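Colleague:
Structure follows, in structure tokens:
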């Protein structure tokens, strides 16, 4: 939750960058300011209003007050030095220059040539995700975390319950333990994914209705137009569920009393592994994030996050997926061995040395 | 004429758990249609042996083979095997019939057949009116009946029953006894472990005594009696507190045991002549009461496996 709060706060930091800023201007005639200067909206006021305007700024009633003097100088009054002050200075400088040029008597065509900006096209090699992408990624990761936690709880309760109720032998005598563990894991992974899809669908319906009834809108990610990306992210999340559910099934099988075992703490390991995924939303191309998006088990969370906010090289996605599938297959094998013997052990918990021996032994 | 292969054959199987040798070179073959009982103290390795027989544990050494459905293989076929574990549990919040159908379906039975068989068995055991009730609402005895049904509802060729009589009252013990006989008569081979000697004696075609993971004796009850030379036991009540040491010198007497002040147990050899023995006793003792009884499976069991301490750690996987 703290992480989520911090993340939302971080998303909110950029609000001024995307919105227009309203400036109360005293002496606007000095530079003959238009109603909009760049992204600044200009409200003209007389100098008599200065006291009231100052108070409004102090009480957060408005962004700032700009006072322009005949001497060609000005003062900006704001609660704190704003991040856009340099931008405002550039706009005012350009405006002042234009007025001086007009006063010099140059013909309009010559003036336009002089003022023509240098044609510079910017190509972003690693463009920063837009607000829509970041919100979508955050929501997707939150839902993943919710699905992961729900599925882990189901598996844990199911396995420890069957063990405590002495059902294991009956089931293992009827079906191979590997089939039992596989059925549990695939089934509950599917249930968790369906749960996530339900929440997404409900959210989209809610947004649609809100837009129709109240005109609400939130920025939607461009990735919504890329179903291949969404499917890939969903597939990776499913693989992540398979990995962690397999892990926790083996852990649950070696717990004798779920109320008192200190092995319960291992339930939080999957949650910890999801932390880098949230950090990846803000900085998806950092070297360490890229590394964690390739290596299992963090890749199951980090790679979907990156897919939603940035362009991921195809080879990274393929390598990451292949490694994750390989890790799942190895873990499945080891977990099956631990599960088969762990489920038949009553009255005590095996030591870690015993568990390691079970993993090495085939029988 | 070809001889049917054993339904289950274990050849020199061994299983260790850490430093504990739970099963140590046991060989046995279960013939089609017989009831074979495994007897042994707690921790002797019976459950481990049964788990290996079911393929739930793999032996460290030795082989396990199955002759089910006319095919000899080393892989157990759960659709042809039924199992009643010693550690029994139920899905408490599931209705009785649904529970039975679920396990029958796990063992390969079609659901309509499973429903029909479940209803037949529930009727047979007087639980037909409880078919829709959750298992937690049943008494312990009725829950055991449901567990028993779940182990045989799919009509297995081989039923492995670990302690089928434990926790049952005498009436239900008799009921289970007749049910197991019915199974055998219907063609199911039965392997069971039990501690109720008098029931095993009435039920089992063959008995295997297990001690510390090894076979300590095997055969029919009669064969075991012969092998142990066990004959008849004389139970005397005598007047006073006479010296009975002379009894051990008499021909045909295997052992003498004084019970209290006025009772004496004399175990005599099989086929020993009774008349001269009774005459000799009558000359020296004032006998007030005399009874005879045959040496029981319980006696053979105690003599065979008695005094053996439970191996430490066997309960780890037991």
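Residue numbers (the working numbering), protein chains in the order written: chain Y, 1 to 363; chain X, 1001 to 1318.
Virtual Cβ for every residue (Gly too), placed ideally from N, Cα, C.
These numbers come from a predicted model, not from an experiment.
Return the residues of the segment 187-199 of chain Y that lie within a Cβ-Cβ distance of less than 7 Å from chain X, sorted by chain order.
Modeller: none
Colleague: Would a C-beta distance cut-off of 8 Å place residue 1160 of chain X and residue 1083 of chain X closer than the cut-off?
Modeller: yes
Colleague: Any beta carbon from chain Y within less than 8 Å of residue 1165 of chain X's own beta carbon?
Modeller: Look at residue 1165 of chain X: its C-beta is not under 8 Å from any C-beta on chain Y.
Colleague: Beta strand (DSSP E) containing residue 29 of chain Y: first to last residue?
Modeller: Per DSSP, residue 29 of chain Y belongs to no beta strand (DSSP E) and is neither H nor E.
Colleague: Cα-Cα, which of Y:327, Y:164, Y:190, Y:179 is closest to residue 257 of chain Y?
Modeller: Y:164
Colleague: Per DSSP, what kind of secondary structure is residue 1166 of chain X in: helix, strand or coil?
Modeller: coil
Colleague: Which same chain residues end up closer than 8 Å to residue 1024 of chain X when comparing Cβ atoms and leaving out the 5 residues on each side of it in sequence?
Modeller: 1014, 1045, 1212, 1213, 1214
Colleague: Out of X:1040, X:1224, X:1029, X:1280, which one is the CA nearest neighbour of residue 1022 of chain X?
Modeller: Closest in alpha carbon position to residue 1022 of chain X, among X:1040, X:1224, X:1029, X:1280, is X:1040.
Colleague: Counting only Cβ pairs nearer than 8 Å, list the residues of chain X close to residue 166 of chain Y.
Modeller: Going along chain X in sequence order, the residues near residue 166 of chain Y (Cβ under 8 Å) are 1085, 1087, 1088, 1089.
Colleague: Are the C-beta atoms of residue 1056 of chain X and some chain Y residue less than 8 Å apart?
Modeller: yes
Colleague: How about residue 321 of chain Y and residue 236 of chain Y: are their beta carbons less than 8 Å apart?
Modeller: yes
Colleague: With 8 Å set as the bound, which would you pick, yes or no: does the beta-carbon of residue 1097 of chain X sit closer than that to a beta-carbon of chain Y?
Modeller: Chain Y contact via Cβ: absent.
Colleague: Taking a contact to mean a Cβ-Cβ separation below 8 Å, would you say residue 338 of chain Y touches residue 315 of chain Y in this structure?
Modeller: no
Colleague: Could you pull out every residue in the same chain whose Cβ sits closer than 8 Å to the Cβ of residue 91 of chain Y, ignoring the five residues on either side in sequence?
Modeller: 37, 38, 40
Colleague: How about residue 1106 of chain X: is its C-beta nearer than 8 Å to some C-beta of chain Y?
Modeller: It does: the Cβ of residue 1106 of chain X has a partner Cβ on chain Y nearer than 8 Å.
Colleague: If the cut is a Cβ gap below 8 Å, which residues of chain X does residue 175 of chain Y touch?
Modeller: 1078, 1106
Colleague: For residue 297 of chain Y, is the beta carbon positioned less than 7 Å from some heavy atom of the ligand GTP?
Modeller: Absent from the structure shown: the ligand GTP. Ligands present: none.
Colleague: Going by CA-CA distance only, name the one from Y:267, Y:334, Y:291 that's closest to residue 319 of chain Y.
Modeller: Y:291
Colleague: Can you say whether residue 1202 of chain X is buried or exposed, counting buried as having 16 or more other CB atoms within 10 angstroms of its CB?
Modeller: Classification for residue 1202 of chain X: exposed.
Colleague: Kindly indicate which three-state DSSP category residue 1298 of chain X falls into: helix, strand or coil?
Modeller: DSSP places residue 1298 of chain X in helix when its eight states are reduced to three.
Colleague: With DSSP as the reference, label residue 1288 of chain X as helix, strand or coil.
Modeller: strand
Colleague: What are the residues of the segment 311-345 of chain Y that lie near chain X, defined by any Cβ-Cβ distance shorter than 9 Å?
Modeller: 340, 341, 344, 345
Colleague: Which residue comes first and which comes last in the alpha helix (DSSP H) that contains residue 158 of chain Y?
Modeller: 131-164
Colleague: Going by C-alpha to C-alpha distance, which of X:1252, X:1028, X:1036 sits closest to residue 1221 of chain X?
Modeller: X:1036
Colleague: Does residue 1246 of chain X come within less than 8 Å of chain Y when only Cβ atoms are used?
Modeller: no
Colleague: Can you give the Cα-Cα distance for residue 228 of chain Y and residue 308 of chain Y, rounded to whole angstroms?
Modeller: 11 Å
Colleague: For residue 1103 of chain X, go through chain Y and note every residue whose CB falls closer than 8 Å to its CB, in chain order.
Modeller: 170, 174
Colleague: Out of Y:32, Y:63, Y:360, point me to the one whose CA is closest to residue 330 of chain Y's CA.
Modeller: Y:360
Colleague: Using a C-beta to C-beta distance shorter than 7 Å, which residues of chain Y count as neighbours of residue 1143 of chain X?
Modeller: What residue 1143 of chain X touches in chain Y: nothing, since even the nearest Cβ is about 12 Å away.
Colleague: Pop quiz: residue 349 of chain Y and residue 255 of chain Y are said to be a contact at Cβ under 8 Å. What is the actual Cβ separation, rounded to whole angstroms?
Modeller: Your pair residue 349 of chain Y and residue 255 of chain Y checks out as a contact, with CB atoms roughly 6 Å apart and the cut at 8 Å.
Colleague: Measuring only between beta-carbons, confirm whether residue 1309 of chain X sits less than 8 Å from chain Y.
Modeller: In this prediction, residue 1309 of chain X scores a pLDDT of 39, lower than 50, which makes its location untrustworthy; the coordinate-derived value is nonetheless stated afterwards. No - not a single Cβ of chain Y is within 8 Å of the one on residue 1309 of chain X.
Colleague: Chain Y beta carbons: is any one of them nearer than 8 Å to that of residue 1312 of chain X?
Modeller: Since pLDDT at residue 1312 of chain X reaches only 38, below the 50 mark, its modelled position is unreliable, and no value is offered.
Colleague: Between the Cα of residue 1164 of chain X and the Cα atoms of X:1138, X:1154, X:1180, X:1157, which residue gives the shortest distance?
Modeller: Comparing Cα-Cα distances from residue 1164 of chain X to each of X:1138, X:1154, X:1180, X:1157, the minimum goes to X:1180.
Colleague: Specify, as a first and last residue, the run of the beta strand (DSSP E) that residue 1017 of chain X falls within.
Modeller: 1008-1017
Colleague: In three-state terms, what does DSSP make of residue 350 of chain Y?
Modeller: coil
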